[in-house]
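To start, the structure itself, in structure tokens.
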Amino acid sequence: MEQEIMSTCIVCGQPKEQGIHIVNEFICLDCETEMVQTKVEDEKYPFFVHRLRQIAVRYHV
Ligand SMILES: [Zn+2]
């Protein structure tokens with residue numbers, strides 16, 4: 900039997916199986932890949948930074 904463990908990604912808000920956990924938060928593989936490829940001048944970059952900062956503030960990391 901296969902067990903599906905779905906976590907809700909904090910970036911896209913979608914339940915995903917694959918991804919990384921940062922403290923108690925989850926970022927799906929798609930968003931992680933996108934984040935890594937996002938350049939500072941990209942308009943999406945502040946959005947990702949904002950999301951990650953929310954984690955940092957909450958957990959004091
Ligand atoms: Zn995601």
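Each number in this note's numbering corresponds to the 1-based position in the sequence shown with 899 added.
Positions of the beta carbon are idealized from the N, C-alpha and C atoms, including for glycine.
Boundaries around residue 933 are those of the alpha helix (DSSP H), 928-936, since no beta strand (DSSP E) includes it. Under DSSP, residue 914 takes part in a beta bridge, and its partners are 907. Around the beta carbon of residue 918, a 10 Å sphere encloses 16 or more other beta carbons of the protein chains shown; the residue is thus reported as buried.
Looking at the DSSP output, residue 920 shares a beta bridge with 925. A Cβ-Cβ distance of about 15 Å is found for the pair residue 904 and residue 924, leaving them out of contact under the 8 Å criterion.
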